[in-house]
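J.: Numbering follows my numbering, with no gaps: position 182 of the sequence shown is 379. All residues carry an ideal CB built from backbone N, CA and C; glycine is no exception. Keep in mind the model is a prediction, meaning the values are calculated, not measured. What follows is a single structure, and I will ask about it in a moment.
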Amino acid sequence: MSESVVPAEGEHLTNGWEPDAPEDDSLVRRAVLVHASWPVAVARALGAPHRRTDGWAGALIGSTGELSNPVVLTRPVAAADAADLVAEVGALVPPESAYFLLSPWLEPDYAAHGLVLIGHPPLMARFPRPDEQGSPVAAPDGVEVVEVADAERLAVAERVLVEGYPMPGTAPGSILRPGLLDGATRVWLGYVDGEPASVACAHTAHGATLVEYVAALPSARGRGAGAAVTRAATLADPALPAVLVASDDGRPTYERLGYVAIERWTAWLRPAG
198 MSESVVPAEG
208 EHLTNGWEPD
218 APEDDSLVRR
228 AVLVHASWPV
238 AVARALGAPH
248 RRTDGWAGAL
258 IGSTGELSNP
268 VVLTRPVAAA
278 DAADLVAEVG
288 ALVPPESAYF
298 LLSPWLEPDY
308 AAHGLVLIGH
318 PPLMARFPRP
328 DEQGSPVAAP
338 DGVEVVEVAD
348 AERLAVAERV
358 LVEGYPMPGT
368 APGSILRPGL
378 LDGATRVWLG
388 YVDGEPASVA
398 CAHTAHGATL
408 VEYVAALPSA
418 RGRGAGAAVT
428 RAATLADPAL
438 PAVLVASDDG
448 RPTYERLGYV
458 AIERWTAWLR
468 PAG
């Protein structure tokens, strides 16, 4: 046994954010990696520009909308390196388009580099439950949940997403295309009294399921359609933990589904123009 807990001079102390660190080093690392995988998967399906480095992943998915182009940091950034990071992302997303930067860390401050702090949303997780293995996903009366398996239904899901999120000005086929349904990503539609009403996506990678693109039409809210598709996405692989980044307004809904808040991340916006 060593006589001291003081490490040898120059010894590297693992922090869990090295590029070669195991993906299951921590639940937060899994959450970071699956979030970074998502914009790349969407961009590949659309044939859109994207980039994945040791430090971040992002995509140029849309020319309009403040949340259309996500960028996710995958390791801490030193204050001295913030300008270089912003320049790298700027080479992918041109000035005429906005991008949304999601950082799992509170620092550094990107305001001096043209970004606007828009909040500290909670990272939430839901852990596998043995009693749910193989169990069907129940829905409230009048609500039917259907997994999307073809281009026609995917177009309906996209319309619900655009109208329910909302994403005004989004052209059909510019968010969801059949190439996205490659096995790692699945989509569910909720119907209320036979009419399309809600949507949710599940993207599985790096030992976790990311729940994304959750939306419900205003006319269907209060019927449980949004919660029903979210639960279906959450249980896309019931043996894996599910993660998502919520708004403070949406947090109680996810808590009712069994999610717990793990920590708060930091959201920045690089406005268009």
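Does G262 pass the burial test, meaning 16 or more other C-beta atoms within 10 Å, or should it be called exposed?
T.: Burial call: buried.
J.: Would the stretch 340 to 355 and the stretch 373 to 392 be scored as touching if the rule is three or more Cβ pairs under 8 Å?
T.: Counting Cβ pairs under 8 Å, three or more are found: they touch.
J.: Nearest-angstrom Cα distance between E215 and A275?
T.: One C-alpha to the other measures close to 14 Å.
J.: State the start and end residues of the unbroken beta strand (DSSP E) segment that holds P449.
T.: It is not in any beta strand (DSSP E) - P449 instead sits in the alpha helix (DSSP H) that spans 448 to 453.
J.: What first and last residue would you give for the beta strand (DSSP E) that runs through S300?
T.: Start and end: 296 to 300.
J.: Using 8 Å as the threshold, is the stretch 302 to 314 in touch with the stretch 436 to 448, meaning 3 or more CB pairs across them?
T.: No: the two stretches stay apart, fewer than three of their Cβ pairs being nearer than 8 Å.
J.: Helix, strand or coil for H247, going by three-state DSSP, please let me know.
T.: It is a strand residue.
J.: The alpha helix (DSSP H) with E355 in it runs from where to where?
T.: Taken as a continuous stretch (DSSP letters only), the alpha helix (DSSP H) holding E355 covers 348 to 361.
J.: For V396, which option in A405, S416, A422, L407 has the closest C-alpha, if you only look at C-alpha atoms?
T.: When each option's Cα is compared against that of V396, the closest is A422.
J.: Per DSSP, which one or two residues make a beta bridge with R383?
T.: Beta-bridge pairing links R383 to A399.
J.: Where does V283 sit, in a helix, a strand or coil, going by DSSP?
T.: Three-state DSSP puts V283 in a helix.
J.: Can you list, in chain order, the residues of its chain with a C-beta nearer than 7 Å to that of T401? Leave out the 5 residues immediately preceding and following it.
T.: Once the five neighbours on either side are set aside, the close Cβ partners of T401 are A381, A433, D434, L437.
J.: Where do the N-terminal and C-terminal ends of the alpha helix (DSSP H) with V426 fall, by residue?
T.: Residues 422 to 431.
J.: For R374, which beta-bridge partners are listed by DSSP?
T.: DSSP, once it has assigned bridges, lists no residue as partnering R374.
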